[in-house]
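As structure tokens, the structure follows; a few thoughts come after it.
There are 2 protein chains.
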Amino acid sequence: MTIELRQLRYFVTLADTLHFGRAAAQLHITQPPLSRQIAALEDTLGVVLFARSSRQVELTAAGRHFHAQAARILATLDSAVRSTQASARGERGVLRVGFTMSAAWNVLPALIRRYGDAYPAAEIQLSEVVPRALDEALLSGRADVGIAFPWQRPDGLEYLRVHAEPLCAVLPAGHRLVACAVVAVGELADEPFITFPAATAPALHALVAGCCREHGFEPRIRLETHLQQTIVNLVAEGLGVSLVPRSMSRMQLPGAVFRPISSPRVIEQGVIWAASNANPCLVRFLECARAFGAAAAAGD
Amino acid sequence: MTIELRQLRYFVTLADTLHFGRAAAQLHITQPPLSRQIAALEDTLGVVLFARSSRQVELTAAGRHFHAQAARILATLDSAVRSTQASARGERGVLRVGFTMSAAWNVLPALIRRYGDAYPAAEIQLSEVVPRALDEALLSGRADVGIAFPWQRPDGLEYLRVHAEPLCAVLPAGHRLVACAVVAVGELADEPFITFPAATAPALHALVAGCCREHGFEPRIRLETHLQQTIVNLVAEGLGVSLVPRSMSRMQLPGAVFRPISSPRVIEQGVIWAASNANPCLVRFLECARAFGAAAAAGD
DNA sequence: CGTCATCGATACGCCTCAGGCATCGTTAAC
DNA sequence: GTTAACGATGCCTGAGGCGTATCGATGACG
Numbered sequence: 380m381t382i383e384l385r386q387l388r389y390f391v392t393l394a395d396t397l398h399f400g401r402a403a404a405q406l407h408i409t410q411p412p413l414s415r416q417i418a419a420l421e422d423t424l425g426v427v428l429f430a431r432s433s434r435q436v437e438l439t440a441a442g443r444h445f446h447a448q449a450a451r452i453l454a455t456l457d458s459a460v461r462s463t464q465a466s467a468r469g470e471r472g473v474l475r476v477g478f479t480m481s482a483a484w485n486v487l488p489a490l491i492r493r494y495g496d497a498y499p500a501a502e503i504q505l506s507e508v509v510p511r512a513l514d515e516a517l518l519s520g521r522a523d524v525g526i527a528f529p530w531q532r533p534d535g536l537e538y539l540r541v542h543a544e545p546l547c548a549v550l551p552a553g554h555r556l557v558a559c560a561v562v563a564v565g566e567l568a569d570e571p572f573i574t575f576p577a578a579t580a581p582a583l584h585a586l587v588a589g590c591c592r593e594h595g596f597e598p599r600i601r602l603e604t605h606l607q608q609t610i611v612n613l614v615a616e617g618l619g620v621s622l623v624p625r626s627m628s629r630m631q632l633p634g635a636v637f638r639p640i641s642s643p644r645v646i647e648q649g650v651i652w653a654a655s656n657a658n659p660c661l662v663r664f665l666e667c668a669r670a671f672g673a674a675a676a677a678g679d
Numbered sequence: 380m381t382i383e384l385r386q387l388r389y390f391v392t393l394a395d396t397l398h399f400g401r402a403a404a405q406l407h408i409t410q411p412p413l414s415r416q417i418a419a420l421e422d423t424l425g426v427v428l429f430a431r432s433s434r435q436v437e438l439t440a441a442g443r444h445f446h447a448q449a450a451r452i453l454a455t456l457d458s459a460v461r462s463t464q465a466s467a468r469g470e471r472g473v474l475r476v477g478f479t480m481s482a483a484w485n486v487l488p489a490l491i492r493r494y495g496d497a498y499p500a501a502e503i504q505l506s507e508v509v510p511r512a513l514d515e516a517l518l519s520g521r522a523d524v525g526i527a528f529p530w531q532r533p534d535g536l537e538y539l540r541v542h543a544e545p546l547c548a549v550l551p552a553g554h555r556l557v558a559c560a561v562v563a564v565g566e567l568a569d570e571p572f573i574t575f576p577a578a579t580a581p582a583l584h585a586l587v588a589g590c591c592r593e594h595g596f597e598p599r600i601r602l603e604t605h606l607q608q609t610i611v612n613l614v615a616e617g618l619g620v621s622l623v624p625r626s627m628s629r630m631q632l633p634g635a636v637f638r639p640i641s642s643p644r645v646i647e648q649g650v651i652w653a654a655s656n657a658n659p660c661l662v663r664f665l666e667c668a669r670a671f672g673a674a675a676a677a678g679d
């Protein structure tokens, strides 16, 4: 004979009321099956849990001990059910977010904060990945969602635009073009460029290069670095010029001046995920991302 | 529909093997009922726990969460069963021991240590009581067992002798009777006595008085104190003489000399308990007490 | 002191449901 | 294209849980 939860539920109710009739009523059964189930439980345990007379029912010492344990087990099961349901709704669990360093500057902190506030029981695991590793991490299930620039997406990955902003020029403080309120990109043809490496940030690299080509020149690349902040630092040191997302202008760095450019290209960032990913947290996160993208578009 | 332990057991086994056929074999059932029980569990929870294809079974995120909880619940139940059985055997639980100060000098520490070593999972609650309160505490169930001198026992209390020892005389160092190897009790007729108060230690008081009367005199009581150690202290100060249990001579107090007495009365101590007491720890304790008494008698 | 009411245990019949057998549908391997 | 593996489903049987009726013991009350 094995113990069943029914017996624990009956036992706890009886231990609480110490009256077979009332306990049975509380359990919405009649008294005889309660008597039998309690007897069966005692038989299985090999322990007398209640001292019964025809006038009074009380717990034995072992019964008191088992009562505490059984009540705890039932409470644990109840909370397990609730938390499992929450887990299935994606309100609890683990969401592994892969982000590329170049894409993390704007979107990541705000989006993660929004999601974390909405689902405090969800655990967020952030890890930096290089862009070309992101696809593989998502498809293999090592990450649930990525934050990146749009790129040649392999089959099975979905993309949702979350943020967009124009490129702008960043110049050393003493540069001749600082005088212009709007910089014509063609004016930068002979300037040494500081850009993102094509290997680790292909989208951004291609965007900058494409912007230059559109204006009739191939950018002369002097330095490459994959950290956007470093690009601005190097420009401030007078080592060259660059085209960077406008939000970088929030860096108030003496020696670096930001200027809008003529016919600016727009750089876009979004979240990317595997269509086959069944992590329920992902659904909730994408809801956040959608709302975040809508709010950002409205605020633009 | 309510969750049953069978479903948890099946679920955990399946989550461990991730194979319906093998899990069913491990559970000594066939595969169809396992499929149905798992489906019923998922239905009750409203949560898909396994991602099944016809080639592969794996846990969902919610399933992993529930697996940890369910395994913990089953383990908790298992340990609850074991500890409840131990509790019923009296190997675990609470034993409330009431002792009288005058009786505690010899028997209590050794007996408690023996019991505590034998049943380390049992909790021992010691409390001092005055002798006349002991009976009531035992009968009302506020204490499980007492250690005391035998006395007029009311109905419903049982007694088991555990220890016995003769009275001996304790004298101030300079006393004329110190020269005698054995003191004749009659010689103490004119000495001032230091005794136990009749109110709190009636048995001991009566024994000493009876011993004196047997030798033809009523003891002249100068001081009363309920602590045996204090009696010896006062004797050492030269305030009088006394008759005390022989084991008190282990007190090596300068100024107090112990001497055997002629035709000594034996003072007896034992354990006392309510026959109606169903605390299983009591049974184990009484076994210890019986063995302790036998060992003491053999060592005598 | 006899009667009655209360309360848990027991007897018996019904019916639900868990388990076994047979089979289906899908998928991957060869 | 065939086959084998595997989980799902349909159907049947039997164990067992529940309800009704009743018993036996024990206080309460007149």
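Sequence lines, in order, name chains D and C.
Read in order, the letters of the first sequence are residues 380 to 679 in the numbering used here.
Read in order, the letters of the second sequence are residues 380 to 679 in the numbering used here.
Idealized CB from N, CA, C, for every residue including glycine.
Bear in mind the structure is a predicted one, so any value in this text is a computation, not a measurement.
1) Determine, using beta carbons only, whether D:LEU384 comes closer than 7 angstroms to chain C.
2) Fully enclosed by the stretch 542–614 of chain D, which alpha helix (DSSP H) runs are 4 residues long or longer?
3) Determine the DSSP secondary structure at D:VAL636, reduced to helix, strand or coil.
4) Are the beta-carbon atoms of C:ALA500 and C:GLU544 separated by less than 7 angstroms?
5) What residues in the stretch 655–675 of chain C bring their beta carbon closer than 7 angstroms to a beta carbon of chain D?
6) Under a three-way DSSP split, which group does C:ALA430 fall into?
7) Quick one: grab the DSSP three-state call for C:ILE491.
8) In chain D, what lies closer than 9 angstroms to C:SER641 by C-beta?
9) Closer than 7 angstroms by beta-carbon distance: list the chain D residues that pair up with C:PHE445, in chain order.
10) What did DSSP end up calling C:GLY617 once you bin it into helix, strand or coil?
11) With 16 other CB atoms within 10 Å as the buried threshold, where does C:ALA578 fall?
12) Does D:ALA418 come within less than 7 angstroms of chain C when only Cβ atoms are used?
13) Could you tell me the distance, in whole angstroms, from the CA atom of C:SER642 to the CA atom of C:SER626?
14) Taking C-beta pairs closer than 7 angstroms, name the residues in chain C that D:LEU424 reaches, listed in chain order.
15) What distance in whole Å lies between the Cβ atoms of D:PRO529 and D:GLY649, which are believed to be in contact at a cut-off of 8 angstroms?
16) For a test of the three-state rule: what should DSSP assign to D:ARG475, helix, strand or coil?
17) I want to verify the contact list: residues of chain D whose CB lies under 8 angstroms from the CB of C:GLY472, in sequence order.
18) What is the rounded straight-line gap between the Cα of D:ALA675 and the Cα of D:VAL486?
19) For the alpha helix (DSSP H) that C:GLY442 lies in, which residues bound it at each end?
20) Buried or exposed, going by whether 16 or more other CB atoms sit within 10 Å of the CB of C:GLN435?
21) Assuming C:ALA418 is part of the alpha helix (DSSP H), what are its boundary residues?
22) Give me the chain C residues within the contact set of D:ALA449, using Cβ-Cβ distance strictly less than 8 angstroms, ordered along the chain.
23) Confirm, please, whether the CB-CB distance from C:ALA580 to C:HIS605 is below 7 angstroms.
24) So, for D:PRO598: in the same chain, excluding its five sequence neighbours on each side, which residues have a beta-carbon less than 8 angstroms away from its beta-carbon?
25) Run down chain C in chain order and give the residues with a C-beta less than 9 angstroms from the C-beta of D:ILE452.
26) Please compile the residues from chain D whose C-beta is within a distance smaller than 8 angstroms of the C-beta of C:ALA497.
27) Looking only at its own chain, which residues have a Cβ that is under 8 angstroms from the Cβ of C:THR409, when we skip the five neighbours before and after it?
28) So that I know if they touch, is there some Cβ in chain D lying closer than 7 angstroms to that of C:PRO552?
29) Strictly under 7 angstroms for the Cβ-Cβ distance: is C:ALA467 near chain D by that measure?
30) By Cβ distance below 8 angstroms, which residues in the same chain neighbour D:ALA522 in space, the five residues on each side in sequence not counted?
31) What are the start and end residues of the beta strand (DSSP E) that includes D:LEU505?
32) Mind the definition here: the stretch 609–617 of chain C touches the stretch 629–637 of chain C only if three or more C-beta pairs lie below 8 angstroms; say whether that holds.
33) On the criterion of 16 or more Cβ atoms from any shown chain inside 10 Å, does D:PRO411 qualify as buried, or is it exposed?
34) Taking buried to mean at least 16 other C-beta atoms within 10 Å of its own C-beta, is D:ALA454 buried or exposed?
35) In the stretch 577–593 of chain D, which residues sit with their C-beta less than 7 angstroms from some C-beta in chain C, listed in chain order?
36) Over the uninterrupted alpha helix (DSSP H) stretch that includes D:GLU647, give me the two end residues.
By the coordinates alone:
1) The residue you call residue 384 of chain D lines up with position 5 of the first sequence. With 7 angstroms as the cut-off, D:LEU384 counts as an interface residue toward chain C.
2) 581–593
3) Counted from its first residue, the first sequence places residue 636 of chain D at position 257. D:VAL636 falls in the strand class under three-state DSSP.
4) Reading the second sequence from its first residue, position 121 is the one you call residue 500 of chain C. Reading the second sequence from its first residue, position 165 is the one you call residue 544 of chain C. Contact flag unset, no.
5) ALA657, ASN658 and PRO659
6) What you label residue 430 of chain C is simply residue 51 of the second sequence in a count that begins at 1. Of the three classes helix, strand and coil, the one that applies to C:ALA430 here is strand, per DSSP.
7) Numbered from 1 along the second sequence, position 112 holds the residue referred to as residue 491 of chain C. Here C:ILE491 sits in helix by DSSP.
8) Position 262 of the second sequence, counting from 1, holds the residue named residue 641 of chain C. Neighbours of C:SER641 on chain D: none; closest Cβ ~50 angstroms, over 9 angstroms.
9) Residue numbering aside, residue 445 of chain C sits at position 66 when the second sequence is read from its first letter. Simply ALA459 and THR463.
10) Counting from one through the second sequence, the residue named residue 617 of chain C turns up at place 238. Looking at C:GLY617 - three-state DSSP - the assignment turns out to be coil, as it is neither helix nor strand.
11) Position 199 of the second sequence holds residue 578 of chain C. C:ALA578 is exposed by the Cβ-count criterion.
12) As a working note, residue 418 of chain D is residue 39 in the first sequence. It does not; no Cβ of chain C falls within 7 angstroms.
13) Counting from 1 along the second sequence, the entry for residue 642 of chain C is found at position 263. Counting from 1 along the second sequence, the entry for residue 626 of chain C is found at position 247. In a straight line, the C-alpha of C:SER642 is about 17 angstroms away from that of C:SER626.
14) Position 45 of the first sequence, counting from 1, holds the residue named residue 424 of chain D. Neighbours of D:LEU424 on chain C, chain order: VAL460, THR463 and GLN464.
15) Looking up residue 649 of chain D in the first sequence gives position 270. Looking up residue 529 of chain D in the first sequence gives position 150. That belief holds up - the Cβ atoms of D:GLY649 and D:PRO529 are roughly 6 angstroms apart, short of 8 angstroms.
16) Reading the first sequence from its first residue, position 96 is the one you call residue 475 of chain D. Strand.
17) Here residue 472 of chain C is taken as the residue at index 93 of the second sequence, counted from 1. Within chain D, the residues placing a beta-carbon under 8 angstroms from that of C:GLY472 are ALA440, ALA441 and HIS444, ordered along the chain.
18) In the first sequence, the residue the question calls residue 675 of chain D occupies position 296. In the first sequence, the residue the question calls residue 486 of chain D occupies position 107. Their backbone Cα atoms lie some 10 angstroms apart in a straight line.
19) Counting from 1 along the second sequence, the entry for residue 442 of chain C is found at position 63. It spans 440–467 - the alpha helix (DSSP H) in which C:GLY442 sits, taken as one unbroken run.
20) For the purposes of this step, residue 435 of chain C is taken as residue 56 along the second sequence, with counting starting at 1. So C:GLN435 counts as exposed.
21) As a position in the second sequence, residue 418 of chain C is number 39, starting the count at 1. Note, C:ALA418: alpha helix (DSSP H), 410–424.
22) Residue mapping note: residue 449 of chain D aligns to position 70 of the first sequence, counting from 1. The answer, in chain order, is ALA459.
23) As a first step, residue 605 of chain C must be located in the second sequence, where it is residue number 226. As a first step, residue 580 of chain C must be located in the second sequence, where it is residue number 201. Result yes, Cβ atoms of C:HIS605 and C:ALA580 sit closer than 7 angstroms.
24) Here residue 598 of chain D refers to the residue found at position 219 when the first sequence is read from its first residue. For D:PRO598, where only same-chain residues beyond five positions count, the Cβ hits under 8 angstroms are LEU567, PHE572, THR574, VAL587, ALA588 and CYS591.
25) On the first sequence, residue 452 of chain D is found 73 positions in, with the first residue counted as 1. Correct list: ILE452, THR455, LEU456 and ALA459.
26) In the second sequence, the residue the question calls residue 497 of chain C occupies position 118. Result: empty, since nearest Cβ-Cβ is about 18 angstroms, beyond 8 angstroms.
27) Numbered from 1 along the second sequence, position 30 holds the residue referred to as residue 409 of chain C. So the list reads ALA403, once near-sequence residues are dropped.
28) To locate residue 552 of chain C, count along the second sequence from 1; it is residue 173. For the record, residue 552 of chain C in the displayed sequence is Ala; it is not Pro. Closer than 7 angstroms: no.
29) Within the second sequence, the letter at position 88 stands for residue 467 of chain C. So, interface residue.
30) By 1-based counting over the first sequence, the position of residue 522 of chain D is 143. Correct list, in chain order: ARG475, VAL476, GLY477, SER506, VAL508, LEU513 and ALA516.
31) Numbered from its first residue, the first sequence carries residue 505 of chain D at position 126. From DSSP, the beta strand (DSSP E) with D:LEU505 extends over 501–507.
32) yes
33) Here residue 411 of chain D refers to the residue found at position 32 of the first sequence. Counting Cβ neighbours within 10 Å, D:PRO411 comes out exposed, since fewer than 16 surround it.
34) Working through the first sequence from its first residue, we reach residue 454 of chain D at position 75. Exposed, since its Cβ has fewer than 16 Cβ neighbours within 10 Å.
35) none
36) Taking the first sequence and counting its residues from 1, one reaches residue 647 of chain D at position 268. Counting along the chain, D:GLU647 falls outside any alpha helix (DSSP H), though it belongs to the beta strand (DSSP E) covering 645–653.
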